[in-house]
Structure formats: C-alpha cells, structure tokens
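Trainee: Okay, so the sequence shown: first residue is 208 according to the working numbering, each after it adds one.
First the structure, which I've put down as structure tokens, then a few questions once you've had a look.
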Amino acid sequence: MRKRRSTGGILIVLLACSVVPAQTLPLLTDAEYRYLVNEISGDIAYEHIRYFTLFHRPRGGTEGLMRVAEYTEQKAREYGLEDVKLIRQPYPLEAWSVRRAELWMVEPEWQRLADFLQAHVHLADNSRSADVRAELVDIGSGVEEQDYAGKDVRGKIVLAYGPLDRVMEEAVWKRGALGIVYYPDPSATEYPLNSINFPDQIRWVRIPLRSPDGKDGTFAFSLSVRQGLALRRRLAQGPVTVHARIEAEVKPERWQVMVEGFIRGTDISDQDVVLTAHLQEEKFSANDDASGCAGLLEIARALMKLIHEGKLRRPRRNIRFWWVTEISSERQYFADHPDEPKRMLVNINLDMIGANQGQDLLRVQNITRVPFSRSHFLTDIAERVIEFVVASNTSHLAQFQAGTPVPYPKPILAHLGTRHRYNAQMIPFHNNTDHMTFNEAPIGVPGITFTNWPDNYIHTTDDDLWNIDRTQLQRNTFAAAAIAYFIASLDAERGRWLATEVYARALERMAFDERVALELIFHEPDKAFAFGRARNQVRQAGWRERTALESLLRPVPEVRDLVERFKAMLAEREAHALSNVERYYMAITGQARAPVPARSPKEEELARKIPVLAAGPAEFLERRQRVRPVEGLHPLMAFEVLNFIDGSRSVWDIYNAVDAEARRAGAHYYGTVTPERVEQYVHNLVEAGLVRWKP
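Below you can see the structure in the form of structure tokens.
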C-alpha cells in the first residue's frame, strides 16, 4: 500500500508537469527569469564582435590572436570575473604571420586581382614570401594527369580549383610551378536563390607548410568564383602575366593562448560549469566564433552585474569561462592539468550563435545533446530551455486568434536586431568544436554545443558583421546563461524538479527507441537478427536513461531516494518494452514464440575481450593522431567506441552500445555499425598505445 501511494504521488507530480505550458521555464524562478532576460543584451554582445573582426587570427602564434585574447582578458576583469588570467600554452604548429600580399595582372592589362589588405583571406594560410612575375596557366582542377596534358607549368603560376593540398603536390612539388591562384570549383558550388553575394565570396583556405618529404610550400591566393571564371575566360583569349608579391614569415616559436575567469560559487568548488568559445579564426569570422566569444563576455557581464546588485544569488558552484584556441587549448590544458576534469561537472560551448537566419533560410541554430557515452541530465535542461525559447519566440495563428498583442508570446528581441522567429532545434551530438574535448576519452565531462548549421557563409568573407543578428545573439546567450546558472545553482529542491523532468523525458525517449525496435523488425528481412538488435535497442535505451538519472547524484545526492524509485520505474518500462518487442515479433512473423538470443562463436570471442584505457590526457595529446580510421565506421561512432571503453565493457558490449546510438539517429547521420568495424577500431587504439587488453 505504501509503495502504491508513493507511485501515485509521483504520477501526480508528472501530470502536473505535463500540463505546464511550453511558455514557462520552471528551472528558473519568475524573478530569476525576469532579471536574466532583461539584462542580457545582444546589442552589447555585438559590440565585442566589432572588435574581434578587426584582427586576422587564423591560429596560434599570430599577433591578431594575442590582441583579441588581451581584449577578452581586459573585459573579463572589467566585468568583475574572478581569478582572470591569460594562459600562454605550447602549440603544435609554427607561428605564421603576413605583412603584405598582392596579386596583380600585369599583361595584357594592369588589374588588381587580390590584396591582403582588402581581404586577409585572399592569401592562403602558410603562404611563403615571394616576389615573382610569371605567366598564368589554367590547369582546371589541377589534381588529375589530364589537367596537365600539353601544358608546361614549370616556373609559372597556375590557376586551379581543386583541393589546394593536392594542387600543391601536383603542380608545385611534382612539376615546378611557382605558386597557385585558387578559386572554388564552380560545378560544386550551390548558391541559394535569395543570395547575390555567393559568387563573390572569398574562401579562407590553407596550403601545406611543407611536403611529407620536407619540401617547402610556396604560396596560394584565393579568389572568388566570379574572379576565377573571369580569369579563365581571359586566358582562353590569350596569355596572361601576373605579379605576386608576398611578405610572410614562419616563426620558430609555437604558442597558443586561452583566457580563463570565474564566477566563484558559494560552497562547492569541484563541480565547475565550464562555458567555452574559441578566439582564433580568420579576420571576418563574425559568427564563427566571434559571436560565441562575445556571448560569453555578455553572460559574464550580466551575471556579475545581477549578483552584485543582489538580484541573483551567487551560484553554489563555480561558473568557469574559457576563451580558447579551438580544441587544442583544452587538450593542452588537460594534458598539463590531468586532474582538473574531476573538478568539472558539465561544459556548454558557444560556436556560431549570432546567425541572421533571414540571410539564408536554410540556417538553423542547432544545440547538441550529449553523446550516449556521457548520458547526463545536461541534455534535459538544455532541451527544456531551448523548447521554451523556441515556443516563446514563434508566432502561431492560434495566438493571433486569441488576441495576443505582441508578435511572440514571450519575445526576446534586441533593440537593433531583427524580429525573426527563433529557428532552433536539439540534435544528436556532433564534434569539431570545443565541447568535443570535454566529451572525449579520457576526459569524460558531458558537453553540448550551440552551433549554427548549415551555414553557407562560414570561413568566407561573407561571415562579416552584416551576417549577425543581434536578436539571435541575445536569444542564444540567454539560453546558455539560463542552463549554466541553473546547474551552478542546483540544490535539493531544484534537484527534485530536475529528477522528475529527467524521468518524464526518459519515458518519451524510451518510447521512441521502442518504435525504432519495432520498425527494425518490420523492415529487416532477417527477422531473427532484427529481433536481437531490437531487444538491444530497448536495453541500451534503458541503460542510457538510468545513467542520466544517476548523473544527478553527484550534484544533488539528497535526491537519491527519488532517483532510485525512478530508476526502478524505468526498469519496469524497459521490461514492458521488451515484452512488446517479443509480442510484435510473433505477430508480424506468425510464429508461436520468439527466438532465444544466442551468440555466435565470434560474438562469444568479442564478449571475452575487454579493452582498458592505457593512457592519460598527455599521452592522448601526443598519440591521438596515430589512430588509424576504419573504413565504413563513422568518425563520430569511432569517437563513441573509444568513449565506451571503461574497463568493464567487452568489445561486444561496446558494439551493442554504439549500434543502438547509431540506429537511433539513423544511417544518414551516423552510418552503420558492425562488430567487425568496432573490433578493428579497438585494435587500432591498442596499436596506437592508447588502449590495452584487460588480462
């Protein structure tokens, strides 16, 4: 009887939550929401972007990178962050800097083609100093033998649209060309119908600094599609002579930089909420990632101001701010401080948060979930916040018919921004930005990222100030601040609400996995195989959701009893789903019973092989690039294979976990996982010295 009353009480709580409208945000009090949403300003954040886009900062070792780092450090101190410091770190690549770069057509007429001072990305990264006047030769893509048929490029400059590393190899190192004039492949370039700017985009590109056998690279200029095609037409009419003049320097010192600052918590110092954005990029890069760096500064300013004014309580945990050299700063920091991840609870990364969605209707603000290997309540908090901001900033006919006097139910609008809706969604995890360095082995800190995609402006001259919408900048900055402040302020009362939220969303997700399992049985010709994979889908879902609930126990151990009850209820839900899968199998096949799962001899062998991590952050920093990929295994699923290695899972267990994750997202997203590919990748990890076999 007691158990039944307890369960009924829990269901009442869930039903109460289920009717809460989407335009509420229960993870903040009304006062906290009001203060945050009114203080955070996309217009203020935009002013930082103005400064960042003054400097070409393509990587570590560049003067521009240090300038924006020093500016960030100054602003962090000005806004009141604590323990602010600029951290200079070693960097794997030489410093490269440019003073001057010009490309002129001198015959048959005098015409400027490219100038570093006009657009820094006109010069490919790693270009060497040169002062040469030479004939220009059109070699098409420049990567195939037929591109050079009947053409002598020695001592000349080539016009090409192929991948620059390949063109450098074929034209310069093999055939003696002096340098390259590059433009994007016109046959592979799609222009949105609502854009007239794309034919004039200049892409940020790079060439190899040297060949594998030690030959120095030379130089490359980057032109727009329109310029490239015009040069091709001119060459078809007769010879063209160009003059390239470059003053560049490759310096021996290797450094990168990051800036760190804190909002110190009141009583917990080993559960930091880490916010990240990256400082380095080419000169334009207003959205990628000046917007993220500006967003972090605005979160710092707004939170510290509200705390000092007594409007917000100082959070219980530290909020740590990192402005970094993308990916490499975090890896170096963890290599230098291998115990520091233990002091971190979650990571929230801001990368491309200011996109003007009216410039290209394809643009969506994506926010990732954590990968399954790091299953965590962070996903549920992010989902709740993003759903709220989307619902509050989207207009529907029903709202108009109800007489809503404003364009959106609870609008978040910058003074100088657009009135566009908030086109955002939660998606399965991806990598290639800073949250990856937290999720990856051996760090294991759950991380998510705000990343606009698709984006036809990234890494081109079109990623400039006009590309930024202060309103979207404000919405994303508010969302990240709300997630960070809630987690940093978690206590027992908020923890009880969060446990309920995680449980309720777990039921939704497990229902989706059950659907995936049933559809697999329906579509797969080999029904016995499908049945085994369907059962695995359900079991992995149960493990994932129980793990997310358990993640609450580190920050709020006071909710253990509630978490354990919810876990037991999820186990019942899993058992019910497994029963449904079995009954569905019998219904769809007409058989009297479902097959008894049995492993093959090979699968038994994989079940006996248990890999163990054999290296720490420093060794991973050194050896990660030695790991050979496995053909057919999606890089993100290879990432998860490594993440699931914990000393207890066998290769077979890891396959089951990664297969379920890939199947849930779909083959178009993560490809197809097989036991053979997983086994081979683990062998490659062993070969690289990062993993060993457990005796």
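Even glycine gets a Cβ: it sits at the ideal position worked out from N, Cα and C.
1) Below 8 Å on the Cβ atoms is my guess for L293 versus E277; work out the distance and round it to an integer in Å.
2) Quick one: Cα of Y615 to Cα of F851, how far?
3) Across which residues does DSSP place W303 in a beta bridge pair?
4) Using the three-state DSSP reduction, which class does D479 fall into: helix, strand or coil?
5) With DSSP collapsed to three states, give me the class of N563.
6) Out of V745, V880 and R806, state which residue places its alpha-carbon closest to the alpha-carbon of L777.
7) Out of curiosity, what's the CA-to-CA distance linking M465 and P370?
8) Can you give, in chain order, each stretch of the beta strand (DSSP E) that sits fully within the region 643-690 and has at least 3 residues?
9) So, do the region 291-309 and the region 453-470 have three or more beta carbon pairs nearer to each other than 8 Å?
10) Can you list, in chain order, the stretches of the beta strand (DSSP E) that have 3 or more residues and sit fully within the region 314-375?
11) Examine the ligand MN and report whether any of its heavy atoms sits within less than 7 Å of the Cβ of S429.
12) Between R628 and the rest of its own chain, which residues show a CB-CB distance below 7 Å, the 5 nearest in sequence each way excluded?
13) Are the beta-carbon atoms belonging to N355 and S535 less than 8 Å from one another?
14) Mind checking whether N556 and A484 have CB atoms under 8 Å apart?
15) Whole angstroms is fine: what's the gap from D768's alpha carbon to Y791's?
16) Kindly indicate which three-state DSSP category R761 falls into: helix, strand or coil?
17) Would you call H434 buried or exposed, if buried means 16 or more other Cβ atoms sit within 10 Å of its Cβ?
18) Between L777 and chain C, is any beta-carbon pair separated by less than 8 Å?
19) Using only CA atoms, which one of P548, D496, R682 and K422 lies nearest to V652?
20) Assuming R524 is part of the beta strand (DSSP E), what are its boundary residues?
21) Tell me which residues share the same chain as A378 and place their Cβ nearer than 6 Å to its Cβ, disregarding the 5 neighbours each side in the sequence.
22) By DSSP, does D290 sit in helix, in strand, or in coil?
23) Please list, in chain order, all residues of the same chain as R523 whose beta carbon is under 8 Å from its beta carbon, the five residues on each side excluded.
24) Can you give me the Cβ contacts of R538 inside the same chain, cut-off strictly under 6 Å, excluding the 5 residues immediately before and after it?
25) At which residues does the alpha helix (DSSP H) containing V412 begin and terminate?
26) Which residues does DSSP pair with W900 in a beta bridge?
27) I'd like to confirm the pairing. Which residues does DSSP put opposite D558 in its beta bridges?
28) Along the chain, which unbroken stretches of the beta strand (DSSP E) at least 3 residues long are found entirely within the region 827-871?
29) Nearest-angstrom Cα distance between G362 and N630?
30) Quick check: what's the CA-CA separation for V898 versus T640?
31) Less than 8 Å separating the beta-carbons of W179 and P818?
32) Output the boundary residues of the alpha helix (DSSP H) element that contains I795.
33) Using CA coordinates, which residue listed in A609, A497 and K512 is at the minimum distance from I560?
34) Quick check on DSSP: helix, strand or coil for T707?
35) So, is K282 buried or exposed, given that buried needs 16 or more other C-beta atoms within 10 angstroms?
36) Please look up how many angstroms separate the CB atoms of A331 and S429, rounded, as I've assumed it's under 8 Å.
Mentor: For this structure:
1) 7 Å
2) 43 Å
3) V457
4) strand
5) coil
6) V745
7) 31 Å
8) 654-659
9) yes
10) 318-322, 337-345 and 364-367
11) This structure lacks the ligand MN; in fact it carries no ligand of any kind.
12) N600, T601 and S602
13) First, the residue type needs correcting, since residue 355 is Tyr and not Asn in the sequence shown. Taking 8 Å as the Cβ cut-off, Y355 and S535 do not qualify as a contacting pair.
14) yes
15) 35 Å
16) coil
17) Inspection of the sequence shows that residue 434 is occupied by Gln rather than by His. It is buried - the Cβ of Q434 has at least 16 other Cβ atoms within 10 Å.
18) Absent from the structure is chain C; it holds one protein chain and no more.
19) P548
20) R524 to V531
21) G349, V360, V365 and A384
22) strand
23) G472, T473, D474, I475, A695, S696, L697 and D698
24) T644 and L828
25) Element bounds for V412: n/a, residue is neither H nor E.
26) P818
27) T658
28) none
29) 52 Å
30) 24 Å
31) Residue 179 cannot be examined here, being either before or after the span of the chain that is shown, 208 to 902.
32) R767 to T796
33) A497
34) helix
35) buried
36) 6 Å
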